[in-house]
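Written out below as structure tokens is the structure these notes cover.
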Amino acid sequence: MTKTALSHKSASPWLEDMRRRFRTLPFLKATGNTVFLFIFFYLYLYIQRNPVFEVTQIPATQLDRWIGFQPWALALYLSLWVYTTLPVALQPDLKQLTKYGLHIGLMCALSLLIFVFWPTSVSAAVGPREGGGMFAMMYAVDTNGNALPSLHVAAAVFSFMWLQTIFRSVRAPIWLRVVDALWCAGICYSTLAVKQHLLLDVIAGGALGAVAGWLSLRSAGRGKIAG
């Protein structure tokens, strides 16, 4: 038996399934995700900087006042852009990839419509945000506008639900699903810790992501997600 054959024989079935998914349509997945983000951010920032209606200030809760500014959470906050690529990379075929892109696109489009007709901000309630460096760059690009619902949280929850379903489908070990849950929770917490969002934004974003995720998974079907 060759070394390659031994390697495939010793590899866990779930790991082989994950590798197969990653190797399916890699260029299309990478290109499509990049184009999607470019279009989304162009619209998101344009709406943020050109509000049509009066901007509503979201009030802080006691929890928001208790959670102070925590610079260490920036890495978790920015890790969303890695996290959201995972369910894209793990789609088993073109049909499922297209369905996934359509559903997350609809969720983002709904959020943008909300931001157009009900622009919101947390700038008056988040408290001091110091940090310089990466923080100064982030604040210069992405202000405290388009606050509710938090799309950062919505995208994290949507991705979490898809990843959990995929991991169950390929019979991945429980530790991987735990890591996934902790990563998602960390991203949601980071939005409060870096003072980009308030608790009400997080709750609304979580609800949006959960409903959109449930509807998309129901439409896709578990058997098809299993590939």
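Each residue of the sequence shown is one higher than the one before, counting from 8 in our numbering. Every residue, glycine too, gets a C-beta built ideally from N, C-alpha and C. Model, not experiment: these values are computed from the prediction.
Candidates the options: closest to residue i by CA position
i, options, result
"Gly220", "Thr91, Gln69 and Glu61", "Thr91"
"Leu170", "Val160, Val201 and Arg184", "Arg184"
"Arg225", "Met168, Cys195, Ala214 and Glu61", "Met168"
"Ala192", "Leu119, Leu50 and Phe165", "Phe165"
"Val129", "Asp71, Asn57 and Leu44", "Asp71"
"Met25", "Leu52, Tyr51, Leu158 and Thr172", "Thr172"
"Ala200", "Leu85, Thr31, Gln77 and Phe47", "Gln77"
"Val1", "Tyr196, Asn153 and Leu44", "Residue 1 is absent from the model: the chain starts at 8 and stops at 234."
"Ala116", "Phe34, Phe47 and Trp88", "Phe47"
"Leu215", "Leu81, Lys106, Ile121 and Leu32", "Ile121"
"Ile65", "Tyr107, Gln203 and Leu81", "Gln203"
"Ser197", "Thr68, Ala82 and Thr38", "Ala82"
"Trp190", "Leu158, Arg175, Ala163 and Phe60", "Ala163"
Distance between beta carbons of residue j and residue i, contact taken as under 8 Å
i, j, result
"Trp21", "Ala179", "5 Å"
"Pro58", "Pro156", "Their Cβ separation, rounded to whole angstroms, is 16 Å, which puts Pro58 and Pro156 out of contact at 8 Å."
"Tyr49", "Asn153", "Rounded, the Cβ-Cβ distance is 13 Å, inconsistent with contact."
"Ser6", "Ile181", "In the structure displayed, the chain extends from 8 to 234; residue 6 sits before or after that span and is not available."
Per DSSP, cross-strand counterpart(s) of residue i
i, result
"Thr105", "According to DSSP, which records beta bridges pairwise, Thr105 is partnered with nothing at all."
"Gln64", "Ser128"
Residue i, enclosing alpha helix (DSSP H) - first and last residue
i, result
"Ser197", "Ile181 to Ala200"
"Trp43", "At residue 43 the sequence reads Phe, which differs from the Trp that was named. Residues Pro33 to Arg56."
"Thr172", "Leu158 to Ser176"
"Ser223", "Leu206 to Ala227"
"Leu97", "It is not in any alpha helix (DSSP H) - Leu97 carries neither H nor E in the DSSP assignment."
"Leu85", "Leu81 to Leu85"
"Phe29", "Pro20 to Phe29"
beta-carbon residue i near the ligand SAM non-hydrogen atom, thresh 7 Å
i, result
"Ile181", "This structure does not include the ligand SAM; it has no bound ligands of any sort."
The segment 88–102 touching the segment 197–212, judged by at least three CB pairs closer than 8 Å: no
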